[in-house]
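Numbering (my numbering), first residue to last: 1083 to 1377. Idealized CB from N, CA, C, for every residue including glycine. This report refers to the structure that appears directly beneath it.
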Amino acid sequence: MRFVSVLGLIASLLLVSACGERVEVPPAHVGKVLTESGYKPEVVPPSKFRLDMCMFYCDRLVTMTIADFGHLEKFKVFMPKDQLNMSFDIRMTGAISNDAIDSVFDRIPPENNNISVNRVYGTYAQPVIRDVVRRVVAKYSINEIASSRESLSHELFSEVSKALKGTPIEVKRLGLADIQFPKVITQAKERAAERRELIEQEKAQFQIQKIQMERDLEREKMNRAIAREKAIGQKEVNDLLAKSVTDKYLAYRTLEVLDKMAESNNKVFLPVEALGTIGMQHAVLNDQVKRVAGK
């Protein structure tokens, strides 16, 4: 009876082991079933399924990431044109090419039933990228890199993409990042920036002085115009007086003065001969000027 129970237990275990393992290919992955004689040819898309039943050797599922991946490479390159070292980063986005999936399964051994994208990148892409980036960047001077960073990034992308043809890695984006110029170059650029700032300040000060001088010039022009108008007005008064103040007019005004003096309580003796003097005529003339100016 006990022997029959043991046989039943063994049969149950064999039955359980005969049922294939439940496995999953997660999103952004592909898989292949590894059998005793190698991989099955079919590439399994993301899905859940059971492996074939087994007795002595059981198949296993090996997955591989095919999602886009980001990667950062740090560089410190000796720049021959400047005889200086320059540090920078290369940031890239890549993926495993769909056409290379079979070859990656055949050539990269899995770890814990998975082929990581970092393993593929380190095997095929990293040495190529490091070689191409150093070769391209070393052609330029540091100043050229500083002034044409975007065009250099385009060149690096083109050269790296060309160099990686035939490998499983496909580059989608690549560019320079976090450029760290040598200290002597940075200081020179800072001094140049300070000089440019001083020049701009001098230009601004010159513009201010120019505006002030133009304003002073306009003020002087206005003052001259006012003085000219005053002179013209005075000349018109003088011309009017010259035409209107005659000997007869002066005699008439003299009689008016004598008449007012006769009416005044403050009488002063004035010789009649003084009435025809230059002083009296000047006084009469001044009185007439005041009258004309008041009109």
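Rounded to whole angstroms, what is the Cα-Cα separation between residue i and residue j?
i: Ile1211; j: Val1242; result: 6 angstroms
i: Ser1233; j: Phe1187; result: 37 angstroms
i: Ile1251; j: Gln1287; result: 59 angstroms
i: Ile1178; j: Val1199; result: 8 angstroms
i: Leu1280; j: Arg1201; result: 54 angstroms
i: Gln1294; j: Lys1317; result: 34 angstroms
i: Leu1256; j: Gly1204; result: 17 angstroms
i: Val1086; j: Asn1195; result: Per-residue confidence for Val1086 stands at a pLDDT of 46, beneath the threshold of 50, marking its modelled position as unreliable; the derived number appears in the next sentence. Distance between the alpha carbons of Val1086 and Asn1195 is about 39 angstroms.
i: Asn1180; j: Pro1209; result: 21 angstroms
i: Phe1383; j: Gln1269; result: Look at the range of the chain in this structure, 1083 to 1377, and you will see that residue 1383 is not part of it.
i: Arg1301; j: Glu1226; result: 52 angstroms
i: Leu1337; j: Thr1328; result: 14 angstroms
i: Lys1163; j: Ser1185; result: 42 angstroms
Can residue i and residue j be called in contact, C-beta distance under 7 angstroms?
i: Ala1207; j: Ala1149; result: no
i: Ile1041; j: Val1215; result: The requested residue 1041 is not part of the displayed model; the chain covers only 1083 to 1377.
i: Val1107; j: Thr1145; result: yes
i: Leu1238; j: Phe1170; result: no
i: Glu1027; j: Leu1133; result: For the chain, the structure presents residues 1083 to 1377; residue 1027 sits outside this window and is missing.
Rank the options by C-alpha distance to the C-alpha of residue i and give the top, closest one.
i: Pro1127; options: Val1105, Thr1336 and Gly1204; result: Val1105
i: Ser1129; options: Gly1113, Met1135 and Asp1321; result: Gly1113
i: Ile1224; options: Arg1273, Lys1247 and Asn1167; result: Asn1167
i: Asp1213; options: Ile1197, Val1319 and Leu1246; result: Leu1246
i: Ser1119; options: Tyr1139, Met1135 and Phe1131; result: Tyr1139
Whole-angstrom Cβ separation of residue i and residue j, contact assumed at under 8 angstroms?
i: Val1125; j: Ile1183; result: 6 angstroms
i: Lys1254; j: Thr1175; result: 5 angstroms
i: Ala1220; j: Met1161; result: 7 angstroms
Leaving out the 5 sequence neighbours to the left and right, which residues in its chain are closer than 7 angstroms to residue i when beta-carbon positions are compared?
i: Thr1117; result: Asp1141
i: Lys1158; result: Asn1167 and Ser1169
Kindly list the residues whose CB is nearer than 6 angstroms to the CB of residue i, restricted to its own chain and excluding five residues on each side of it in sequence; keep chain order.
i: Arg1231; result: Leu1258
i: Ile1197; result: Met1146 and Ile1190
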